[in-house]
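J.: The UniProt record's numbering applies: residue 1 is where the sequence shown begins, and numbers increase by one. Can you read through this structure? Questions will come right after.
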Amino acid sequence: MALTDLSASPSVKDGLAIIVVAAGSGTRLGYGMPKALVPLAGRPILGIALESVARALPSARIIVTVPAGDTELSAIAVAHGAHAVTGGATRAQSVACALAAVDCAATYVLVHDAARCLVPARVITAVVAALAAGERAVVPVLPVNDTVRGVDAQGHSAGTVDRSGLRAVQTPQGFDADLLVDVNRQAGLLELDDQGALTPVNRVADPEGITDDASLIERFARHVPVTLVAGHDESFKITRPFDLVTARAVLEERAHRAVADHVAD
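As structure tokens, this is what we get:
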């Protein structure tokens, strides 16, 4: 999908809010701290993620979900001009907590994983441009390059899966704000209190089959198509130690390119 001129894309004046999910424990990284606090090239992952978002959409309102009892991630959020809210027990519940804190005037909401801290600006602006063009649910994706096999109940190969119809999902995912609130209410993740304000619902588990925000649309608003736009290899999710190695390499390459561009100028 071709990008439109950013000057025509929604700004905070048009009601654009970005939720950055940073309440994960980061157990698989093995640092003994929330994932978003883990250092990457001397800076916490959350700080890099917020810089990436602000670089693409400098005037958008940013809400960061943090673990209960947190102070460090909240301080990073504030330092980057974002608002921190306590997340829930799961990613979906954390997003609901953030939605309850979004200004009621919001027209569009983007939901982004802090762990995808290296997302290029053009991915973010592609999502926003699609929303500005009238789409109501937008997801960046990449083709699946590896051979994929199905597995039967005994753990044996069930044959190769046709990957031509498969895509790997990334963030930020963008939505019409009212639509995202509506499907979160239908899923039992949000409710209205006695004063008519949105309130997150404490749940034991997420609704079955809900793996990301787009899956809420596909389950509770099936009449709304989820539009796919091009993602980027650098938008990978930092989950395991090897991902940190890759992320450092990306940052080093970006630094080298920046120096080369400066010299060329």
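Just so it is clear, CB atoms sit at the ideal spot from N, CA and C, and this is done for glycine as well.
Name the DSSP beta bridge partners of Y108, please?
T.: L16, D176
J.: Give a yes or no on whether the C-beta atoms belonging to P143 and V123 are separated by under 9 Å.
T.: no
J.: Can you give the Cα-Cα distance for G47 and I76, rounded to whole angstroms?
T.: Their Cα atoms are separated by approximately 6 Å.
J.: Terminal residues of the continuous alpha helix (DSSP H) containing G47?
T.: 45-56
J.: I think A121 touches I238, with their Cβ atoms under 8 Å apart; what is that distance to the nearest whole Å?
T.: 18 Å between Cβ atoms; not a contact.
J.: Please list the terminal residues of the continuous alpha helix (DSSP H) segment that includes V226.
T.: No alpha helix (DSSP H) holds V226; DSSP gives it neither H nor E.
J.: Jot down the residue ranges of each uninterrupted beta strand (DSSP E) in the region 141-219, minimum 3 residues, whole runs only, in chain order.
T.: 148-151, 157-161, 167-169, 173-176, 190-192, 198-200
J.: Take the Cβ of L164 as the centre, count every other Cβ of all protein chains shown within 10 Å, and call the residue buried at 16 or more, exposed below.
T.: Leu is not the amino acid found at residue 164; the sequence shown has Ser there. The residue is exposed, with fewer than 16 neighbouring Cβ atoms inside 10 Å.
J.: Of the choices P34, L16, L29, whose alpha-carbon is the least far from that of A22?
T.: P34
J.: Are there 16 or more other CB atoms within 10 angstroms of the CB of S94, so buried, or fewer, so exposed?
T.: buried
J.: Nearest to F236 by CA position, among L50, V119, A106, A82, is which residue?
T.: V119
J.: If the criterion is Cβ atoms closer than 9 Å, does the pair L50 and A106 meet it?
T.: Cβ atoms of L50 and A106: not closer than 9 Å.
J.: In chain order, what residues of the same chain have a beta carbon less than 7 Å from the beta carbon of R136, not counting five sequence neighbours either side?
T.: F175, D176, L179, V224
J.: Have a look at A56 and D233 and give me their C-alpha separation to the nearest angstrom.
T.: 17 Å
J.: On the CB-based measure, 16 or more other CB atoms within 10 Å of its CB, does V161 come out buried or exposed?
T.: exposed
J.: List the DSSP bridge partners of V21.
T.: For V21, the pairing in a beta bridge is given by DSSP as T65, D113.
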